[in-house]
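K.L.:
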Amino acid sequence: MPKQLIETFSVEWLQILDEDGNCDEELRPSLDNEQVKKLYEWMVLARTFDEKAFKLQREGRLGTYASILGQEAAQVGSAYALRPTDWMFPAFREPGASFVRGLPMRMIFQYWAGDERGSQIPEELNDYPITIPVATQIPIAVGAALAAKFKGDAIAVMAYMGDGATSKGDFHEGLNFAGVFAAPVVFVCQNNQWAISVPLKRQTASRTLAQKAFAYGFPGVQVDGNDVFAVYRATSEALMRARAGGGPSFIECLTYRLGDHTTADDASRYRSPEQVEQWKKKDPIDRLRKYLEKGGLWNKAYDQAVSSQAKEKVESAVHEEESFPPPDPLDMFRFTYQDLPADLREQMEGFVNANGRRDQRE
Amino acid sequence: MAKLTVVEAINLALRQEMEKDPRVLILGEDVGKNGGVFRVTQGLLDIFGEARVMDTPLSESAIAGVAIGMAIYGLRPIAEIQFEGFVYAAMEQLANHAGRIRTRSRGRYHCPLVVRLPYGGGIRAPEHHSDSNETYFVHTPGIKVVVPSSPYEAKGLLISAIRDPDPVIFMEPKKVYRSLREEVPEEEYIIPLGEARIVQEGTDVTLITWGAMLQPTLQAAALMEQNGTRAEIIDLRTLSPLDTETIIASVKKNHRAVVVQEAPATCGVGAEIVARINEKALVYLEAPVQRVTGFDTIMPLPKLEKYYLPDAGRVIEAANRAVNF
Chain E
548 MPKQLIETFS
558 VEWLQILDED
568 GNCDEELRPS
578 LDNEQVKKLY
588 EWMVLARTFD
598 EKAFKLQREG
608 RLGTYASILG
618 QEAAQVGSAY
628 ALRPTDWMFP
638 AFREPGASFV
648 RGLPMRMIFQ
658 YWAGDERGSQ
668 IPEELNDYPI
678 TIPVATQIPI
688 AVGAALAAKF
698 KGDAIAVMAY
708 MGDGATSKGD
718 FHEGLNFAGV
728 FAAPVVFVCQ
738 NNQWAISVPL
748 KRQTASRTLA
758 QKAFAYGFPG
768 VQVDGNDVFA
778 VYRATSEALM
788 RARAGGGPSF
798 IECLTYRLGD
808 HTTADDASRY
818 RSPEQVEQWK
828 KKDPIDRLRK
838 YLEKGGLWNK
848 AYDQAVSSQA
858 KEKVESAVHE
868 EESFPPPDPL
878 DMFRFTYQDL
888 PADLREQMEG
898 FVNANGRRDQ
908 RE
Chain C
12 MAKLTVVEAI
22 NLALRQEMEK
32 DPRVLILGED
42 VGKNGGVFRV
52 TQGLLDIFGE
62 ARVMDTPLSE
72 SAIAGVAIGM
82 AIYGLRPIAE
92 IQFEGFVYAA
102 MEQLANHAGR
112 IRTRSRGRYH
122 CPLVVRLPYG
132 GGIRAPEHHS
142 DSNETYFVHT
152 PGIKVVVPSS
162 PYEAKGLLIS
172 AIRDPDPVIF
182 MEPKKVYRSL
192 REEVPEEEYI
202 IPLGEARIVQ
212 EGTDVTLITW
222 GAMLQPTLQA
232 AALMEQNGTR
242 AEIIDLRTLS
252 PLDTETIIAS
262 VKKNHRAVVV
272 QEAPATCGVG
282 AEIVARINEK
292 ALVYLEAPVQ
302 RVTGFDTIMP
312 LPKLEKYYLP
322 DAGRVIEAAN
332 RAVNF
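Quick note, the sequences are listed as chains E and C, same order. Numbering of the first sequence is given in this note's numbering, commencing with residue 548 and proceeding in unit increments. Numbering of the second sequence is given in this note's numbering, commencing with residue 12 and proceeding in unit increments.
1. Within its chain, find whatever has a CB closer than 6 Å to the CB of Glu559 (chain E); leave out the 5 residues flanking it on each side and keep chain order.
2. Between Asp337 (chain C) and chain E, is there a C-beta pair that is closer than 8 Å?
3. Please tell me whether Pro68 (chain C) has its Cβ less than 8 Å away from any Cβ of chain E.
4. Using 10 angstroms around the beta-carbon of Met12 (chain C), count the other beta-carbons present and answer buried if the total reaches 16, otherwise exposed.
5. For Met635 (chain E) and Met705 (chain E), which I take to be in contact (beta-carbon distance under 8 Å), what is that distance rounded to the nearest angstrom?
6. Tell me which residues share the same chain as Lys829 (chain E) and place their Cβ nearer than 6 Å to its Cβ, disregarding the 5 neighbours each side in the sequence.
7. Name, please, each residue of chain E whose Cβ falls closer than 7 Å to the Cβ of Val77 (chain C).
8. Does any C-beta atom of chain E lie closer than 8 Å to the C-beta of Pro203 (chain C)?
9. Hey, Ile685 (chain E) and Val733 (chain E) are a contact pair by Cβ (cut 8 Å); roughly how many whole angstroms apart?
10. Please list the partners that Pro642 (chain E) has in chain C, where partner means a Cβ-to-Cβ separation under 8 Å.
11. Report the residue from C:Gln93, C:Leu25, C:Pro311 and C:Ile154 whose alpha carbon sits nearest the alpha carbon of Pro123 (chain C).
12. If the cut-off is 7 Å on Cβ atoms, which residues from the region 105-133 of chain C count as contacting chain E, listed in chain order?
13. Using a threshold of 8 Å, state whether the C-beta atoms of Phe724 (chain E) and Ala62 (chain C) are closer than that.
14. Consider the Cβ of Thr683 (chain E): report whether some Cβ of chain C lies at a distance smaller than 8 Å.
15. Quick check on the burial criterion: 16 or more other C-beta atoms within 10 angstroms. Buried or exposed for Asp875 (chain E)?
16. For Leu574 (chain E), which three-state DSSP category applies?
17. For chain C, find out if any of its Cβ atoms is closer than 8 Å to the Cβ of Ser666 (chain E); answer yes or no.
18. The region 162-181 of chain C: which residues have C-beta closer than 7 Å to a C-beta of chain E, in chain order?
19. Under the DSSP definition of a beta bridge, which residues are partnered with Asp246 (chain C)?
20. Run through chain E and tell me which residues come within less than 8 Å of Ile21 (chain C), C-beta to C-beta.
21. Identify every residue that forms a DSSP beta bridge with Ile89 (chain C).
22. Please state whether the Cβ-Cβ distance between Ser161 (chain C) and Val187 (chain C) is less than 8 Å.
23. Verify whether the separation of the beta carbon atoms of Ser625 (chain E) and Val778 (chain E) is less than 8 Å.
24. Determine the direct distance from the alpha carbon of Gln104 (chain C) to that of Ala688 (chain E), and round the result to whole angstroms.
25. Counting only beta-carbon atoms, is Met310 (chain C) nearer than 8 Å to chain A?
26. Which chain C residues are close to Val727 (chain E), counting only those with a beta carbon under 9 Å from its beta carbon?
27. Please confirm whether Gln618 (chain E) has its beta-carbon closer than 8 Å to some beta-carbon of chain C.
28. Starting from Met81 (chain C), find everything on chain E with Cβ-Cβ shorter than 8 Å and list it in chain order.
29. Across which residues does DSSP place Gly767 (chain E) in a beta bridge pair?
30. Give the interface partners of Cys885 (chain E) over in chain C, defined as CB-CB distance under 7 Å, in chain order.
31. Report the three-state DSSP secondary structure of Trp845 (chain E) (helix, strand or coil).
32. Considering only the beta carbon of each residue, do Val280 (chain C) and Thr146 (chain C) sit closer than 8 Å?
33. Check for me: the alpha helix (DSSP H) holding Asn738 (chain E) runs from which residue to which?
34. Quick one: what's got a C-beta closer than 6 Å to Phe148 (chain C)'s C-beta in the same chain, skipping five residues either side?
Shown next as structure tokens:
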């Protein structure tokens, strides 16, 4: 028996909007002008939020924060394709997606300010809270997708991750599981090329992350993650396929983390300013602005309005967070189980008594 | 009334809960066609089909993670981890998500799942198949830990675990999977979580134990009885939350206590029990609380396991230390 070729794969790259705002109209997703403007506005809001969060941290008004600078299109474009009935599982660098979903901005500030109420997702949103342990949200998202399939709900689940997540066991276990059971889940990888100080080439010897999907038996595509049209198009198609019973997909959004890993990091220790400058030229917001301008949908007055509205929303969210009543320490105990066990109740009562005495001394 | 083994009693509980609640489903390695490596899920695939009895890939972390996702979505998954020695890969999911999600989402999400986990030694199993690692779970807030000691107990406790709104690690003592038979009612009954039971009343010393260790403890008590020492035996049933009240009441009455556990000594549940007795009943004690435990060693392979596992003789020695102090 001669050797035979029994399997091949090829990885597609999708870019619709280039760095100069030129658009491939054949590939452009069917969004009307208002929707395209909305994408722009969401991205501006995400960036305005990000700038404010960074400043607040430097002023000591926010804890450690993970910047999304440069990744707005990957987040907004993918989340914009979701329906309210779909479920969304973020990692920890997707506030841009959470805003599109409808998560109050106050809650993201609250989370990074160290208040659990920032993860108390409103009842009407099918979103999981931020997940910090890398890749652990992936199997959970697959479980939610399989539960939806089990119940006959024609929805899809979206799971975000970064490039570092693809090195973790839960990435393999989760994607493999999803493939085996044809789970209605879309994996969106924001490949920002850095996991703190470790570059992509130390995460994988693969040419792309997208190709990993083929080993799990489902489609993977690499898109220009700074091109909101490409991200939106790839995600919408994958979500529609998932909702219709077509199983999982993997979307690698090739982007770049323009900022530090978090406010506790200094990226100048491990990467060159030239590389950062090179990626600034691929800015996702700039290129959509150029596109809008070419189509007569952008002018300075509009831009000022978008920018001042974004600032207003962010300031109002900061105000809301900072004037929120402080959390009740007893919440530590109350939410451990549905019913407080006797021993935990005793610990809580001990805490209350000790604090009462402390208050009297003060 | 039928006399069942622990395996049969668990199988019965699973079947009845699945018949009653369409949200209940089983996932794990070999749980479907093979009926589980211990045959605990035997026959369930034929009754409930592949959607509710899922043979999964060999992925402990994903089994736990997928079960968490299902629970959050509104199902009642029962995940089987084949042996306790393989649960460590699932630990991140259990500690970082299952136990935390109610707290971190301030009640928006909760995680009603059961992880069935055969544990313990004494069945001449290969390496990594004989540990008693309950402490990891007991030490993890947000998770409940249940360890039945007999067929009747197993059925009633498992039904409670399945209906519980919080994640439950249900540790099944392999040693008594088939070695005990007991009358188990066909009709439904539940044993509430968090309530220990007095297996036998006594006045001279309190023996506190759980799971597979109940059998050597019972043997010890029977031998002690012949010498006129009447031991009270507490089967904890639930290790988290602990039924401190029952322990303390018995210790206050009998003034002497011994904890019997299969797990290593250090930071074992026995250590926690000794601490609680110190906090709540020190002045009632007439002897230091004794511990009978496995050693702080790696669980040996079958040729040495009999030297590791506590037996009736070690329980009697410890009880004598307490009684003759």
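By construction, the Cβ of each residue, glycine as well, lies at the ideal position given by its N, Cα and C atoms.
P.N.:
In this structure, then:
1. Val768.
2. Because chain C here runs from 12 to 336, residue 337 (chain C) falls outside it and cannot be looked at.
3. At least one chain E Cβ lies under 8 Å of Pro68 (chain C).
4. The residue is exposed, with fewer than 16 neighbouring Cβ atoms inside 10 Å.
5. Contact flag correct, Cβ pair sits at about 5 Å.
6. Its chain contains Glu566 and Asn773 as the residues whose beta carbon lies nearer than 6 Å to that of Lys829 (chain E), once the 5 sequence neighbours on both sides are disregarded; these appear in chain order.
7. Here the neighbours are Pro686, Val689, Gly690, Leu693 and Phe724.
8. No - not a single Cβ of chain E is within 8 Å of the one on Pro203 (chain C).
9. About 12 Å separates the two Cβ atoms, so there is no contact after all.
10. Those do not exist, as Pro642 (chain E) stays about 17 Å from chain C at its closest Cβ, beyond 8 Å.
11. Closest in alpha carbon position to Pro123 (chain C), among C:Gln93, C:Leu25, C:Pro311 and C:Ile154, is C:Ile154.
12. Along the region 105-133 of chain C, the positions whose C-beta sits under 7 Å from a C-beta of chain E are Asn107, His108, Arg113, Thr114, Arg115, Ser116, Arg117, Gly118, Arg119 and His121, read in chain order.
13. Cβ atoms of Phe724 (chain E) and Ala62 (chain C): not closer than 8 Å.
14. Yes, because at least one Cβ of chain C sits closer than 8 Å to the Cβ of Thr683 (chain E).
15. Here Asp875 (chain E) is exposed: its Cβ has fewer than 16 other Cβ atoms, across all protein chains shown, within 10 Å.
16. Of the three classes helix, strand and coil, the one that applies to Leu574 (chain E) here is coil, per DSSP.
17. Chain C contact via Cβ: present.
18. Under the 7 Å Cβ criterion, the region 162-181 of chain C contributes Pro176 and Asp177.
19. DSSP, once it has assigned bridges, lists C:Arg208 and C:Thr220 as partnering Asp246 (chain C).
20. What Ile21 (chain C) touches in chain E: nothing, since even the nearest Cβ is about 23 Å away.
21. Listed as beta-bridge partners of Ile89 (chain C) by DSSP are C:Ile37 and C:Val125.
22. Yes. Within cutoff.
23. The answer is yes: Cβ separation under 8 Å.
24. Going from the Cα of Ala688 (chain E) to the Cα of Gln104 (chain C) covers about 12 Å.
25. Protein chains E and C are contained in the structure displayed, whereas chain A is not.
26. What Val727 (chain E) touches in chain C: Thr67 and Pro68.
27. The Cβ of Gln618 (chain E) sits no closer than 8 Å to any Cβ of chain C.
28. Within 8 Å Cβ-Cβ: Gly690, Ala691, Leu693, Ala694 and Phe697.
29. E:Phe797.
30. A quick correction: the sequence has Gln, not Cys, at residue 885 (chain E). Within chain C, the residues whose beta carbon sits less than 7 Å from that of Gln885 (chain E) are His121, Pro176 and Asp177, listed in sequence order.
31. Three-state result, Trp845 (chain E): coil.
32. At the C-beta level, Val280 (chain C) and Thr146 (chain C) come within 8 Å of one another.
33. No alpha helix (DSSP H) contains Asn738 (chain E), which is instead part of the beta strand (DSSP E) from Val732 to Asn738.
34. Within the same chain, Phe148 (chain C) has close Cβ partners Ile154, Val156 and Ile180.
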